[in-house]
Every structure is written in structure tokens, then in C-alpha cells.
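Visitor:
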Amino acid sequence: MRIAIVTDAWPPQINGVVTTLTHTVQELKKAGHSVKVIHPGLFPLTMPCPSYPQIKLAIAPRKRLAHLLEDFAPEAIHAATEGPLGLSCRNYCVQKGAPFTTSFTTRFDEYVSLRSPIPSRFVLHLMRWYHSRSAALMVATPQLQQELHDQGFCRLELWPRGVDTALFHPDPEATFPGARPHLLYVGRVAVEKNIEAFLNLRTPGTKYVVGDGPDLPKLKERYPEAVFLGAHKGRDLAAHFAAADVFVFPSKTDTFGVVMLEAMACGVPVAAFPVRGPADIIDQGGTGWLDANLEHAVEKALTCTPEACRQQALRYSWARSAAHFVRNLVPWTASHASALMARDT
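This is the structure we're talking about:
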């Protein structure tokens with residue numbers, strides 16, 4: 001099948017959405033599908049995302065997006081994000097009367113309320129409108145599926161995540177230089193990740209932060225005892241995971257948290273709050289610990305075994321994730337394809 005994926009999140013961005021999409025595209029191609037990713041890098045004009053300048057957004061992408069879609073002639077379209085490209089894709093498909101699918105990967109309603117005075121309910125209303133015409137709205141977990149259903153979202157389908165267990169694996173030689181236990185956070189360094197809950201822990205040991213983001217300079221100054229290592233990827237990232245004794249996931253806003261699977265694949269237990277994402281992944285007392293008291297969660301997670309964490313991660317694969325993605329797509333009929341590919345006059 002010829003599949004177009006339209007996304008505002010793509011490399012060089014580093015986040016869970018990009019990780020999910022890049023692995024999905026790789027698996028789709030392995031399975032014989034032809035995939036076109038339409039991302040901000042294909043557009044001549046971009047602007048920094050407000051409050052997050054590391055992310056570039058396409059400016060006025062409608063016409064070029066239409067040409068890219070029509071030149072590729074896809075049999076299914078997925079609008080992966082709710083940014084300018086996703087919105088242009090949604091409106092284009094609605095105008096043409098062609099089905100498309102979407103995914104819910106980021107709680108923008110919660111993120112915006114943390115960064116601005118805009119009420120979260122207003123953003124949630126916009127998100128419901130955006131997804132209302134989607135033929136299938138893909139979500140990562142049953143808990144998120146139920147949560148969105150209760151908030152008025154429709155046609156919800158599961159799209160589970162995966163982890164590269166060949167890249168992320170236990171490494172007894174990996175270590176950090178500081179006092180143990182080694183406590184690790186990996187992810188964006190931004191307010192919505194609630195990193196200060198991690199940095200304020202009074203747990204003995206050394207705290208390590210891997211990642212970049214708008215709050216990095218402020219937090220480095222405020223927490224000089226923590227070790228900020230910057231962004232890493234590939235084997236370097238895997239080695240940092242494997243060197244940790246506990247992976248601490250302080251976010252309360254994530255829809256999933258692929259980094260938790262990457263930590264467990266390296267044999268590292270997870271300490272987190274009992275919220276969506278961690279609640280769907282962590283086996284309490286086996287692969288980590290969930291607690292409203294994050295210090296207590298860290299203490300209990302230290303008693304978990306690397307073997308249990310690794311075995312849990314092996315249950316997830318990107319091939320299985322991509323297969324779910326394909327099943328959720330809504331291919332066009334001949335009439336849909338004809339209407340979509342008709343050039344505007």
C-alpha cells in the first residue's frame with residue numbers, strides 16, 4: 001500500500017513521537033509498503049515553535065502539501081500531529097471528501113496550560129474538533145483510549161508502541177562515575193516533563209539528565225549537583241540507559257513514554273507516578289514502582305531485577321506496532337482516490 005504520513009514532528013527533533021514514527025516507517029518499508037513522510041524539512045519556510053524554538057513548524061504549507069500528496073498518489077493518509085502540517089492535511093482531506101486517520105500522541109491541552117494562561121478545556125475543544133473528522137483516531141494505550149472516550153473523542157483505535165531490544169540491552173560494563181545509586185532521566189528538558197520532581201529527590205546517589213530543551217539552562221543553574229549530559233541517541237543513548245540503577249519518569253502529562261521501554265530493555269527498573277503511561281507499562285514490584293511519593297517509588301524500584309525488566313520489554317516490538325498501525329488505516333476507494341488526486345483549478 002502507498003501510505004502518506006504527514007507530521008510536524010520529525011528529525012532532527014528528538015522525542016517520543018519522532019521515535020515512534022521513524023521506527024514505524026522503517027517497519028512499514030520492511031513489510032513492502034511504499035511510504036512518503038511529509039515533514040517540515042520539505043517546506044521552504046519554517047518558524048520556531050512558540051516557547052520551544054528547537055522545533056521548527058512549516059509556514060503556510062497548504063499548497064505545497066497538496067502537491068506532495070498528489071505527486072505521491074497515496075492509498076491512505078495519516079495525519080500524525082496537530083500542528084500546521086497536520087491541520088493542513090486534515091482540511092485538505094475534508095475538502096476532497098477522502099478518509100484519513102490521525103493519532104493522539106501529545107496532551108497539548110495540558111502542555112499549553114502549563115506554558116500559558118490559555119485554559120486546557122479550550123485547547124481540548126480544539127483537539128476534539130481536529131480529530132472529529134478522522135476515520136480512526138489511534139492511541140497508545142487502553143487507559144488513554146478510555147480517557148479520550150470519556151472526553152468526547154470518537155472512533156478510537158489502539159496503536160501500541162515498541163522498543164528496539166537489539167539496540168537497547170543490558171550492558172554490565174556500562175557505568176557512570178558518580179556515587180550510586182545512579183538515577184537517570186531521559187527526555188525533553190521542558191516544564192511539561194515535571195523534571196524538578198526528579199531533581200528535588202533527596203534519595204542518595206547521583207542524578208543524571210540526558211536530553212535537551214528550553215529549560216536546560218535554567219535547571220543546570222538551579223541544580224548544580226545534578227549531571228546534565230545533553231542529548232544522545234543510538235548506541236550512546238543505550239549505554240547511558242544501561243549505566244543507570246533506576247530510570248525516573250516524573251512526567252504526569254505523557255500519553256505513553258517510549259523511554260520507559262528503552263530503560264527496561266536495558267534491564268533498568270522504572271520509578272514513576274501512578275498516571276497514564278507508566279500505569280500501562282510498569283508491573284508493580286516487578287519492573288518498577290508507581291507511587292505518588294516519587295522517593296518511595298525510587299526506593300522500591302531499586303529492589304526490582306534486571307531480568308524482569310528485560311523480559312517485559314521483549315513483549316514489545318516495532319514490527320507489531322506497525323502491524324497495528326496498518327490495520328487502523330482506512331484505504332481509499334477508487335472514487336476517493338479520484339477526488340483527492342484531482343488538481344485544483
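Per full-length UniProt numbering, the very first residue in the sequence shown carries number 1; after that it's consecutive.
For each residue, glycine too, the CB sits at the ideal point set by N, CA and C.
Being a predicted model, the structure only gives us computed values, none of them experimental.
How about ALA79 and PHE108: are their beta carbons less than 9 Å apart?
Guide: No, these two residues do not count as a Cβ contact at 9 Å.
Visitor: Please report the Cβ distance between THR105 and THR81, rounded to the nearest whole angstrom; I am assuming they are in contact, meaning their Cβ atoms lie under 8 Å.
Guide: At roughly 7 Å, the Cβ-Cβ gap stays under 8 Å, so THR105 and THR81 are in contact.
Visitor: I need the boundaries of the beta strand (DSSP E) containing CYS266, first residue and last residue.
Guide: Taken as a continuous stretch (DSSP letters only), CYS266 belongs to no beta strand (DSSP E), as it is neither H nor E.
Visitor: Alpha carbon to alpha carbon, how far is PHE122 from ALA174?
Guide: C-alpha separation (whole angstroms): 46 Å.
Visitor: Taking Cβ to Cβ, would you say ILE77 is nearer than 9 Å to ALA98?
Guide: Yes, the pair counts as a contact, with Cβ atoms nearer than the cut-off.
Visitor: Kindly list the residues whose CB is nearer than 8 Å to the CB of GLU75, restricted to its own chain and excluding five residues on each side of it in sequence; keep chain order.
Guide: For GLU75, where only same-chain residues beyond five positions count, the Cβ hits under 8 Å are MET1, ARG2, ILE3, PRO331, TRP332, ALA337.
Visitor: Need the endpoints of the alpha helix (DSSP H) that HIS296 sits in, please.
Guide: 294-301 is the extent of the alpha helix (DSSP H) around HIS296.
Visitor: Does DSSP put residue 354 in a helix, a strand or coil?
Guide: Outside the displayed span of the chain (1 to 345) sits residue 354, for which this structure offers no information.
Visitor: Any idea what DSSP makes of PRO11, helix, strand or coil?
Guide: Three-state DSSP puts PRO11 in coil, outside helix and strand.
Visitor: Am I right that ALA242 and PRO177 are in contact with their C-beta atoms under 8 Å? What's the rounded C-beta distance?
Guide: That belief does not hold up - the Cβ atoms of ALA242 and PRO177 are roughly 15 Å apart, past 8 Å.
Visitor: Could you give the distance in angstroms between the alpha-carbon of LEU87 and the alpha-carbon of HIS182?
Guide: Near 42 Å, if we compare the C-alpha coordinates of HIS182 and LEU87.
Visitor: How big is the Cα-Cα spacing for GLY230 and LEU199?
Guide: Near 15 Å, if we compare the C-alpha coordinates of LEU199 and GLY230.
Visitor: Enumerate in chain order the residues of its own chain whose CB-to-CB distance from ASP280 is below 6 Å, with the five nearest sequence positions on each side excluded.
Guide: Result list for ASP280: THR141, GLN143, in chain order.
Visitor: Which full runs of the beta strand (DSSP E) of 3+ residues lie inside the stretch 186-225, going along the chain?
Guide: Here the runs fully enclosed are 206-210.
Visitor: Taking just the CA atoms, how far does PHE72 sit from ASN328?
Guide: For ASN328 and PHE72, the distance between alpha carbons rounds to 21 Å.
Visitor: For THR203, which residues from the same chain have a beta carbon less than 6 Å from its beta carbon, with the 5 sequence-adjacent residues on both sides left out?
Guide: Hits under 6 Å: GLU295, VAL298.
Visitor: Can you give me the Cβ contacts of ASP291 inside the same chain, cut-off strictly under 6 Å, excluding the 5 residues immediately before and after it?
Guide: Counting only Cβ-Cβ distances below 6 Å, and skipping sequence neighbours, we find ALA297.
Visitor: Would ILE318 and GLN26 be called neighbours here (beta carbons separated by less than 9 Å)?
Guide: The residue you asked about is not Ile; residue 318 is Trp in the sequence shown. Yes, these two residues count as a Cβ contact at 9 Å.
Visitor: Would you tell me roughly how many angstroms separate the C-alpha atoms of VAL270 and LEU184, rounded to the nearest one?
Guide: Between VAL270 and LEU184, the C-alpha separation is close to 10 Å.
Visitor: Quick one: residues in its chain with C-beta nearer than 6 Å to the C-beta of CYS89, no 5 flanking neighbours on either side, listed in chain order?
Guide: Counting only Cβ-Cβ distances below 6 Å, and skipping sequence neighbours, we find VAL6, ALA79.
Visitor: Using a Cβ-Cβ cut-off of 6 Å (strictly less than) and excluding sequence neighbours within five positions of PRO274, which residues of its own chain qualify?
Guide: Answer for PRO274: LEU290, listed in chain order.
Visitor: Using alpha carbons as the reference points, say which of THR165, GLY257, HIS324, VAL186 lies closest to LEU237.
Guide: Nearest C-alpha to LEU237: VAL186.
Visitor: Comparing C-alpha positions only, which one of TYR130, VAL189, ARG133, LEU28 sits nearest to TYR52?
Guide: Out of TYR130, VAL189, ARG133, LEU28, VAL189 has the C-alpha closest to the C-alpha of TYR52.
Visitor: Measuring straight from C-alpha to C-alpha, what distance separates THR135 and PRO40?
Guide: In the sequence under discussion, the amino acid at residue 135 is Ala, which differs from the Thr named in the question. Rounded to the nearest angstrom, the two C-alpha atoms are 24 Å apart.
Visitor: Alpha carbon to alpha carbon, how far is HIS67 from LEU219? Give it in angstroms, no decimals.
Guide: Looking at the two C-alpha atoms, the distance is approximately 44 Å.
Visitor: Can you tell me whether residue 357 is buried or exposed, with buried defined as 16 or more other CB within 10 angstroms of its CB?
Guide: Because the chain is modelled from 1 through 345, residue 357 falls outside the range shown and cannot be assessed.
Visitor: Given this structure, state the Cα-to-Cα distance separating PRO250 from GLN145, to the nearest angstrom.
Guide: Distance between the alpha carbons of PRO250 and GLN145: 22 Å.
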